[in-house]
Each structure stands twice: as structure tokens, then as C-alpha cells.
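Colleague: Residue 1 is where the sequence shown starts when you use full-length UniProt numbering, and the numbers rise one by one after that.
Here a beta-carbon is modelled for each residue, glycine too, at the ideal position from N, C-alpha and C.
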Amino acid sequence: MKGERRRRLLLDATLRLVGRAGAVAVTQRAVAAEAGVAPSAVLYYFPTVDDLLVAALRDVNDRWVGALQDLPADRSAALDALAVMVRGSPTGDEGLAEFELYLLSARRPELRPELDRWWGALDAVAARLAPDRATAFAAALDGLFLRASTGVDLPDVRVVLAHLAS
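1) Looking at glycine 19: is its Cβ nearer than 8 Å to the Cβ of glutamate 94?
2) Classify arginine 107 as helix, strand or coil using the three-state DSSP reduction.
3) What residue range is occupied by the uninterrupted alpha helix (DSSP H) comprising phenylalanine 145?
4) Please report the distance separating the alpha-carbon of valine 49 from that of aspartate 12.
5) Spatial neighbours of arginine 112 within its chain, please: C-beta separation below 7 Å, excluding the five flanking residues on both sides.
6) What does a CB cutoff of less than 7 Å around valine 65 pick up in its chain, not counting 5 residues either side in sequence?
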């Protein structure tokens with residue numbers, strides 16, 4: 001149990017650093033300082049910075065992909081739930097951290113499987129809710145999540161998704 005708490009502490013510290021200063025700020029020493037632990041603790045759980053970044057993105061993905069997989073079976077209820085998810089997306093440093101890690105996968109191939117997992121989850125939801133417009137639905141949903149994370153005003157998410165699903 002202690003090991004899992006320590007790991008959680010380190011992942012949270014990594015996400016705070018990415019959100020505040022970008023992925024370039026993530027070093028094992030910086031994560032240790034942010035978490036208030038010795039650098040050796042970071043090395044024990046995450047031997048490389050890439051291990052930290054992959055684990056942080058996997059952690060983010062576990063939450064979001066899980067939420068997509070748990071959408072109600074009823075189409076209307078699923079659209080309602082998606083709208084709530086988008087509107088409830090983290091903003092500020094937390095939202096920036098999540099999307100920076102997704103974007104970083106274009107440069108760091110070890111992160112790519114997590115990006116593919118996210119897109120796969122979006123594609124599965126889109127195929128279920130908007131079979132005739134699945135590609136457009138998935139792209140719009142991804143864009144709505146990105147827009148929400150920046151804190152800008154959103155359109156009526158439920159209306160947009162319902163239109164694409166019709």
C-alpha cells in the first residue's frame with residue numbers, strides 16, 4: 001500500500017510540473033523536489049524520465065478511457081454523460097498537463113500507445129453513438145475536450161454531439 005501511495009505522489013508531482021512548466025521541466029530531481037521525497041525514491045519507481053511521462057499519461061488515460069467505456073448504453077443518456085464529461089474537463093495547469101502529454105507523443109514514440117488508446121476509445125464511442133459520422137464525431141469530441149481544457153467558452157456540447165449523432 002505504501003508503494004502505491006508513493007507512486008501516486010510521484011505521478012501527481014509529475015503532472016503538476018508538466019502543467020506548470022511543461023514536459024521539459026520533468027526531471028527526476030524536479031519530481032522529487034515537487035513531491036517532497038529523495039531523488040532515489042523517484043529512481044526506484046521510475047528509472048527514466050520517459051517512464052515517468054508514460055506512467056503519468058497512462059494514469060490520465062485510465063481515468064478518461066474508463067469513463068468513456070462506462071458510458072450508459074442508452075444513446076441519449078450517453079450523449080448527456082459525454083456533455084458533462086467535456087464540461088467537467090480539467091482546466092488550467094491540470095488540463096494543460098494532460099494535453100501536453102498527448103501532444104508529446106508525436107515526438108516521443110514511447111508515449112504513442114497511450115495516445116492510440118485514447119483515440120481507440122473515442123473511435124469506439126463514436127462508432128456506437130454516430131455510426132454514419134463516426135470519424136467526425138470522434139474528431140469533434142476530441143476537439144471539444146481540448147477546447148474545454150483551455151478554459152475558453154464552449155458551444156452547447158450536447159447540441160453539437162446530438163447533431164453529429166443524428
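Modeller: Checking against the coordinates, here is how it stands:
1) Against the sequence shown, residue 19 aligns to sequence position 19. Against the sequence shown, residue 94 aligns to sequence position 94. Going by C-beta atoms, glycine 19 is nearer than 8 Å to glutamate 94.
2) For this step, residue 107 is matched to residue 107 along the sequence shown. Note: arginine 107 maps to coil in three-state DSSP.
3) Translated into positions along the sequence shown, residue 145 becomes position 145. Its alpha helix (DSSP H) spans residues 134-149.
4) Taking the sequence shown and counting its residues from 1, one reaches residue 49 at position 49. Taking the sequence shown and counting its residues from 1, one reaches residue 12 at position 12. Approximately 14 Å, taken between the alpha carbons.
5) If you number the sequence shown from 1, residue 112 lands on position 112. Contacts found: Ser105.
6) The count along the sequence shown starts at 1 and reaches residue 65 at position 65. Closer than 7 Å at Cβ, skipping near neighbours: Arg117, Trp118, Ala121.
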